[in-house]
Amino acid sequence: MAGMTMIKAVNSALDVALQNDPLTCVFGEDTGYFGGVFGCTGGLQEKHGKNRVFDTPINEAAIIAMAIGMASNGMRPVAEIQFADYIFPGLDQIISELTRIPYRSAGQFLMPVTIRTPCGGGIYGGQTHSMSPEAFFTHIPGLRVVMPSNPYDAKGLLLASIECDDPVIFFEPKRLYNGPFDGDPDKPALAWSGHEKGEVPEEHYTVPLGKADIVRSGSELTVLAYGTMVHVALESVRVAGMDAEVIDLRSLMPYDMETIAASVNKTGRCVVLHEAPRTSGFGAELIAQIQEDCFYALEAPVLRVTGWDTPYPHAHEWAYFPGQTRVIRALKQVMEG
Amino acid sequence: MQRINDNNPLGFHVPEPSARPEEQPDFSHIRLSDAGAIARPPVDCDPAITHETSCDLIRVLDDDGKANGPWDPKLSATHLREALALMCLTRAYDDRMFKLQRQGKMSFYVKALGEEAVAIAAARAMNSEDMMFPSYRQQGILFARNRDMVEMMCHCISNSKDNLKGRQLPIHYTWAEGNFFSISGNLGTQFPQAVGWAMAAQAKGETAIAASWVGDGTTAEGDFHAALTLANVYRAPVILNVVNNQWAISSFAGIASGAQPSFAARGIGYGIPGLRVDGNDYLALFAATKWAAERARSGLGATLIESVTYRGESHSTSDDPGRYRPKDEWKSWPLGDPILRLQQHLIALGEWGEKRQQELETAQAEQVRLAYKEATSFGTLREGPLAPTSTIFDDLFVEQPWHLRRQRQDLGV
Chain A
28 MAGMTMIKAV NSALDVALQN DPLTCVFGED TGYFGGVFGC TGGLQEKHGK NRVFDTPINE
88 AAIIAMAIGM ASNGMRPVAE IQFADYIFPG LDQIISELTR IPYRSAGQFL MPVTIRTPCG
148 GGIYGGQTHS MSPEAFFTHI PGLRVVMPSN PYDAKGLLLA SIECDDPVIF FEPKRLYNGP
208 FDGDPDKPAL AWSGHEKGEV PEEHYTVPLG KADIVRSGSE LTVLAYGTMV HVALESVRVA
268 GMDAEVIDLR SLMPYDMETI AASVNKTGRC VVLHEAPRTS GFGAELIAQI QEDCFYALEA
328 PVLRVTGWDT PYPHAHEWAY FPGQTRVIRA LKQVMEG
Chain B
109 MQRINDNNPL GFHVPEPSAR PEEQPDFSHI RLSDAGAIAR PPVDCDPAIT HETSCDLIRV
169 LDDDGKANGP WDPKLSATHL REALALMCLT RAYDDRMFKL QRQGKMSFYV KALGEEAVAI
229 AAARAMNSED MMFPSYRQQG ILFARNRDMV EMMCHCISNS KDNLKGRQLP IHYTWAEGNF
289 FSISGNLGTQ FPQAVGWAMA AQAKGETAIA ASWVGDGTTA EGDFHAALTL ANVYRAPVIL
349 NVVNNQWAIS SFAGIASGAQ PSFAARGIGY GIPGLRVDGN DYLALFAATK WAAERARSGL
409 GATLIESVTY RGESHSTSDD PGRYRPKDEW KSWPLGDPIL RLQQHLIALG EWGEKRQQEL
469 ETAQAEQVRL AYKEATSFGT LREGPLAPTS TIFDDLFVEQ PWHLRRQRQD LGV
């Protein structure tokens with residue numbers, strides 16, 4: 028075990044994958060010599076060589092297409108898109124190609140491609156460096172969508188994603204790269220050192236895809252969250268003094284409905300959190316499925332606390348971010364319902 | 109020329125083809141070169157010197173069917189007869205399938221009429237382990253690689269033996285075993301994918317190379333730019349082909365290129381040599397692909413080949429070319445018919461004749477007829493049997509997740 032930030036944990040996962048499988052390679056904008064704008068691929072080119080860890084031209088369609096071509100020739104590429112906000116030029120290659128090639132070829136060509144990309148706000152990134160576009164991707168048949176909330180899960184989920192023969196988009200909440208964040212920007216920044224999930228094995232391990240994690244057991248209500256919002260949920264529950272069950276989804280597609288339904292059927296109340304805009308966000312899917320599967324156990328309407336239906340504003344970042352005040356208000360409301 | 113003057117009102121410009129329905133075909137804008145006139149640069153040449161090969165037209169066969177000049181690949185008569193047979197087979201297959209579509213036997217079809225040489229020459233100039241990333245009009249590659257015709261038809265009629273389980277529109281073949289990638293209907297996506305495949309071959313230290321094809325219209329897609337950029341940055345062993353058949357459904361090539369007379373010349377700007385080739389001249393096409401393949405195999409990187417040809421039929425069974433171009437425009441096409449030109453060459457060599465052609469065509473028509481009969485024994489789109497309905501939920505994830513299992517149960521299969 029070693030104390031690791033999420034950056035180090037991602038780096039360690041890539042290092043292990045490159046070490047274990049000669050068919051794995053890592054590439055993206057600035058990921059080679061420089062080691063990535065957040066440092067996630069730092070030192071990997073020096074260690075594994077520039078044929079395996081390299082820089083790409085600034086063309087997201089080209090990056091995804093290259094990964095597809097490599098996968099069709101037996102490789103297991105890990106592509107980085109520098110910010111999730113930049114992924115859209117590559118969307119045709121993801122929607123029409125990456126996720127459909129196994130289907131349209133009836134399994135003749137599998138696509139074991141992992142796309143890593145930092146998402147989310149909280150770093151004053153403005154509207155072009157703060158998006159949480161996960162819902163777009165959960166709507167694409169045949170794509171796994173993963174978002175860790177801590178270094179331990181980041182490494183284990185990333186290795187599981189790389190080793191999986193399905194295409195995976197792996198969102199890294201950039202506000203968590205260097206420490207957990209409970210949603211209060213006025214507090215001094217926290218570090219992963221000393222955090223239970225900041226202790227990460229240096230060797231290979233995986234965290235299963237498609238499985239949620241109950242990060243806090245409770246009986247009064249269920250809070251569903253992923254990424255940065257997991258930490259906001261835990262702190263809000265603590266401040267509100269509620270006996271809430273907090274579930275870190277970790278995988279958004281396929282998501283772990285078994286764990287969600289068991290919890291909601293037990294508590295009868297549920298609040299769903301995400302940083303992304305509200306309308307047609309992933310929360311809408313979760314709530315629709317909860318009312319199908321848990322309707323007769325529900326004591327109150329399921330609520331959402333989300334970003335607004337606006338781009339992520341720069342100066343008013345904290346007015347956008349669904350912080351503790353909004354979360355606690357919803358927790359109380361769902362208890363009254 | 110209009111006098112330069114800040115006060116002149118500007119005019120909006122939309123390119124128009126040289127002729128529309130009811131007008132006289134006019135191909136005076138197609139720049140031709142004499143057969144044998146273009147020098148063959150060494151494969152390790154500086155791409156910047158390929159201005160001539162990318163702006164003029166590489167031709168070997170002259171009007172008398174004789175082979176000329178430095179690009180003559182000097183192929184054996186046996187090779188040429190096989191090539192002719194493959195081109196004729198493509199045409200016989202297309203003719204039959206097109207008619208069957210008209211009779212309602214399949215949902216869609218696309219002919220390669222008039223451009224059969226493009227796919228056959230490239231496939232024959234490459235090795236069987238080389239990977240093909242075609243668009244939808246290179247069915248000839250499958251014949252050149254001896255794919256079973258019954259299997260091809262089973263795909264087109266989406267029956268129980270369709271190797272794609274009925275998921276793809278007809279003619280969007282996949283044949284991994286024959287190193288033939290899954291054809292996409294989204295134009296141009298395969299171009300940068302081919303580069304990625306070629307990069308993987310490099311990374312693994314293998315010797316195979318890749319090739320891909322797009323049409324003139326698709327050169328306008330961003331993926332064209334992506335492919336050429338990647339190919340040159342990583343010096344990938346790939347052959348990038350533009351089949352300039354003059355028409356993208358109803359839009360003539362000028363809608364993709366403006367007044368630019370060459371797609372091949374675009375390579376130079378990326379640092380990639382360009383070859384503009386008579387796309388109805390089997391010998392020139394073969395020689396150009398050989399040149400590009402040798403360059404790729406020598407670690408020198410990609411080549412952009414433009415095959416100048418003409419789409420003799422509609423884009424697909426879904427459009428009527430009589431509504432956007434002169435009906436008989438193909439007859440005026442200055443580069444002729446690729447099959448007739450290779451026939452003429454073989455006849456000039458004393459290696460072919462009218463009777464042998466007749467026998468070939470009769471035998472192939474019978475081959476196609478029997479293949480279709482056999483294919484229908486495995487079902488048809490209308491009457492079935494198809495792949496089991498439950499298979500629509502397969503091949504999305506390696507293991508079927510809960511949500512798809514539930515949806516399959518909802519459908520009751």
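So the sequences go chain by chain: A and B. Be aware that the first sequence starts at 28, since it is given in my numbering, and climbs by one per residue. Be aware that the second sequence starts at 109, since it is given in my numbering, and climbs by one per residue. Heads up, the beta-carbon is just placed ideally off N, CA and C, and yes, glycines get one too.
Within chain D, the residues that GLN109/A reaches when beta carbons sit closer than 7 Å: Checking the listed chains, one finds no chain D in this structure; the protein chains it contains are A and B.
Proximity test, Cβ basis, 8 Å: MET138/A and chain B: Interface annotation, MET138/A: not in contact with chain B, CB-CB separation never under 8 Å.
LEU457/B, buried or exposed, once every other Cβ within 10 Å from all chains shown has been counted against 16: LEU457/B counts as exposed, since fewer than 16 other beta carbons sit within 10 angstroms of its beta carbon.
Three-way DSSP call (helix, strand, coil) for TRP283/B in this model: It is a strand residue.
The stretch 253-266 of chain B touching the stretch 482-495 of chain B, judged by at least three CB pairs closer than 8 Å: Between the stretch 253-266 of chain B and the stretch 482-495 of chain B, the count of Cβ pairs shorter than 8 Å is three or higher; the stretches touch.
Neighbourhood of TYR130/A by C-beta distance below 8 Å, restricted to the same chain and skipping five residues each side: The beta carbon of TYR130/A sits closer than 8 Å to those of PRO168 and GLY169, all from its chain and outside the five residues before and after it, given in chain order.
Chain B contact for ALA303/A (CB, 8 Å cutoff): Interface annotation, ALA303/A: not in contact with chain B, CB-CB separation never under 8 Å.
Per-residue contacts from PRO281/A into chain B (C-beta, under 7 Å): Near PRO281/A (Cβ distances below 7 Å), the residues of chain B are PRO509, TRP510 and HIS511.
7 Å CB neighbourhood of ASP336/A in its chain, flanking five on each side removed: Correct list, in chain order: PRO304, ARG305 and THR306.
At least three beta-carbon pairs within less than 8 Å, the stretch 239-252 of chain A to the stretch 268-279 of chain A: A contact exists between the stretch 239-252 of chain A and the stretch 268-279 of chain A.
Spatial distance of ARG243/A from PRO175/A (CA atoms): Approximately 16 Å, taken between the alpha carbons.
Short CB-CB distance (under 8 Å) between ASN271/B and chain A: At least one chain A Cβ lies under 8 Å of ASN271/B.
Member of TYR253/A, THR255/A and GLU230/A whose CA lies at the smallest distance from the CA of GLN46/A: The candidate whose alpha carbon is nearest that of GLN46/A is GLU230/A.
Any chain B beta carbon closer than 8 Å to ASN47/A: For ASN47/A, the answer is no, since every Cβ of chain B falls outside 8 Å of its Cβ.
Beta-ladder partner(s) of ALA319/B, from DSSP: Paired residues: MET240/B and ILE347/B.
Host alpha helix (DSSP H) of VAL151/B (start-end): Neither: VAL151/B is in no alpha helix (DSSP H) and is coded neither H nor E.
Between the CA atoms of GLY387/B and GLY362/B - distance to the nearest angstrom: If you take the alpha carbons of GLY362/B and GLY387/B, they lie about 18 Å apart.
Backbone CA spacing between GLY323/B and PHE135/B [nearest angstrom]: Near 19 Å, if we compare the C-alpha coordinates of PHE135/B and GLY323/B.
Simplified DSSP assignment, three categories, for GLY458/B: Secondary structure at GLY458/B: coil, using DSSP grouped into helix, strand and coil.
Short Cβ contact (8 Å threshold) for ARG403/B with THR411/B: Contact check for ARG403/B against THR411/B passes: the beta carbons are separated by less than 8 Å.
For LEU454/B, the nearest candidate out of ASP172/B, ALA230/B, LEU118/B and ARG128/B (CA to CA): For LEU454/B, the closest C-alpha among the options ASP172/B, ALA230/B, LEU118/B and ARG128/B is that of ASP172/B.
Beta carbon of TYR217/B nearer than 8 Å to that of GLN211/B: Taking 8 Å as the Cβ cut-off, TYR217/B and GLN211/B do not qualify as a contacting pair.
Beta-carbon spacing of ASP180/B, LEU448/B below 8 Å: Their beta carbons are not under 8 Å apart, which means ASP180/B does not touch LEU448/B by this criterion.
DSSP bridge partner residues for TRP441/B (one or two, in chain order): For TRP441/B, DSSP assigns no beta-bridge partner whatsoever.
GLY206/A at chain B interface by Cβ criterion, 8 Å: Put simply, the CB of GLY206/A is far from chain B, with every gap to its CB atoms at 8 Å or more.
For GLY101/A, the nearest candidate out of LYS35/A, THR68/A and LEU50/A (CA to CA): Per the C-alpha coordinates, the member of LYS35/A, THR68/A and LEU50/A positioned closest to GLY101/A is LEU50/A.
Residues sharing a beta bridge with HIS301/A, DSSP: Per DSSP, THR333/A.
Beta-carbon spacing of ILE380/B, LEU336/B below 8 Å: Contact flag set, yes.
ARG127/A in three-state terms, based on DSSP: For ARG127/A, the three-state secondary structure derived from DSSP is coil.
Contacts that THR282/B makes with chain A (C-beta to C-beta distance below 8 Å): Those are ARG131, SER132, ALA133, GLN135 and PHE136, listed as they occur along chain A.
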